[in-house]
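One structure is given below, encoded as structure tokens.
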């Protein structure tokens, strides 16, 4: 019996080699390194200040409490931040997908006039950035400063996402488009009726990219927005963390430890409530993620 045949017979019987056990242990350790800090964040958010002061590295609180969450939601700023972030997603995500898919489809067609020059301009923006001052002046000229639309428009297009989608569209058979043209379909009809239904993996991937970007957006909002009731969730989280840290540092020496522990509990509670929604959103698109990135990153 050859070595290859023997090796196949071993795997058929379900036996694991020493290398398999080693890799299994390494993967378990890596998973624990990711999972334990996450569990620690949740535990601190439910722990009392005294329990946190006694054991900062806890995994399961002995006396769980909702005091940190009650203090976090007491003024309603978190709910306002949620609503503003939802508005960013509802307006920005469809706009981003439309701009990216339409431009990617045009540049993926060989007969598109000026294709190379336009692609060069898009690629140029990935290498050289004009900076925040020209961008602010543009938004000010358009009278969009102080409006959520400034944040939406700034994040509505990504050259990297467009290139991924363009490469995916180029991998689709040209015969499909030609058949649709022979049937009298225009380019918009081909895009929405032929191309996009076949591009579910890359659409799911780009949706995830834009969704995470809008959810985590804070810098543009800090630059363009001024009113507290317009700030998205991440800016509200930043304000809570900065304010709680300031209050704890200004506390008297008698209750400084308790204030610091309570402010840490509020921080962890804020981190937990801001990352749970996006964590629930990711698994729904995960099955398309690997295929979309792989096909979009490699020009076939």
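Residue numbers (my numbering): 33 to 332.
Beta carbons are placed, not taken as given, at the ideal position from N, Cα and C, and that holds for glycine.
Just so we're clear, the structure is a prediction, and the values are computed from it rather than from any experiment.
Distance, residue j Cα to residue i Cα
{"i": "residue 76", "j": "residue 121", "result": "30 Å"}
{"i": "residue 286", "j": "residue 181", "result": "Here the model assigns residue 286 a pLDDT of 44, short of 50, so the residue's position is not dependable and the matter cannot be decided."}
{"i": "residue 200", "j": "residue 235", "result": "10 Å"}
{"i": "residue 161", "j": "residue 153", "result": "12 Å"}
{"i": "residue 61", "j": "residue 91", "result": "16 Å"}
{"i": "residue 186", "j": "residue 68", "result": "36 Å"}
{"i": "residue 289", "j": "residue 295", "result": "With a pLDDT of 48 at residue 289, under the threshold of 50, the modelled position of this residue cannot be trusted, and the question is left open."}
{"i": "residue 190", "j": "residue 132", "result": "8 Å"}
{"i": "residue 335", "j": "residue 56", "result": "As shown, the chain starts at 33 and ends at 332. That puts residue 335 outside it, with no answer to give."}
{"i": "residue 48", "j": "residue 87", "result": "40 Å"}
{"i": "residue 188", "j": "residue 103", "result": "35 Å"}
{"i": "residue 247", "j": "residue 150", "result": "30 Å"}
{"i": "residue 53", "j": "residue 64", "result": "17 Å"}
{"i": "residue 211", "j": "residue 205", "result": "11 Å"}
{"i": "residue 94", "j": "residue 302", "result": "21 Å"}
{"i": "residue 217", "j": "residue 196", "result": "25 Å"}
{"i": "residue 271", "j": "residue 117", "result": "15 Å"}
{"i": "residue 192", "j": "residue 251", "result": "19 Å"}
{"i": "residue 51", "j": "residue 66", "result": "23 Å"}
{"i": "residue 130", "j": "residue 89", "result": "46 Å"}
{"i": "residue 175", "j": "residue 127", "result": "20 Å"}
{"i": "residue 171", "j": "residue 207", "result": "43 Å"}
{"i": "residue 275", "j": "residue 228", "result": "46 Å"}
Best match in the options for proximity to residue i [C-alpha to C-alpha]
{"i": "residue 265", "options": "150, 222 and 310", "result": "310"}
{"i": "residue 106", "options": "313, 298, 304 and 303", "result": "298"}
{"i": "residue 306", "options": "262, 249 and 255", "result": "249"}
{"i": "residue 258", "options": "179, 301, 274 and 205", "result": "179"}
{"i": "residue 231", "options": "207, 202 and 164", "result": "202"}
{"i": "residue 137", "options": "260, 184, 220 and 58", "result": "220"}
{"i": "residue 115", "options": "261, 270 and 304", "result": "261"}
{"i": "residue 243", "options": "272, 312 and 205", "result": "312"}
{"i": "residue 273", "options": "300, 254, 251 and 65", "result": "300"}
{"i": "residue 253", "options": "216, 168, 237 and 302", "result": "168"}
{"i": "residue 224", "options": "123, 214, 66 and 134", "result": "134"}
{"i": "residue 194", "options": "275, 166 and 139", "result": "139"}
For residue j and residue i, believed in contact at Cβ under 8 Å, the rounded distance
{"i": "residue 71", "j": "residue 239", "result": "Rounded, the Cβ-Cβ distance is 29 Å, inconsistent with contact."}
{"i": "residue 209", "j": "residue 226", "result": "7 Å"}
{"i": "residue 268", "j": "residue 109", "result": "5 Å"}
{"i": "residue 184", "j": "residue 255", "result": "Actually they do not touch by this definition, with Cβ atoms about 14 Å apart."}
{"i": "residue 304", "j": "residue 58", "result": "That pair is no contact at about 28 Å."}
{"i": "residue 263", "j": "residue 113", "result": "6 Å"}
Residue i: CB within 8 Å of a non-hydrogen atom of the ligand PLP
{"i": "residue 157", "result": "Of ligands this structure carries none, so the ligand PLP is not represented either."}
Interface flag, residue i vs chain B, CB-CB below 9 Å
{"i": "residue 178", "result": "The question asks about chain B, but that chain is absent: this structure has only one protein chain."}
Contact between the stretch 99-113 and the stretch 73-82 (3+ Cβ pairs under 8 Å): A contact exists between the stretch 99-113 and the stretch 73-82.
Kindly confirm or deny that the stretch 135-143 and the stretch 156-174 touch, where touching means at least three C-beta pairs closer than 8 Å. No: the two stretches stay apart, fewer than three of their Cβ pairs being nearer than 8 Å.
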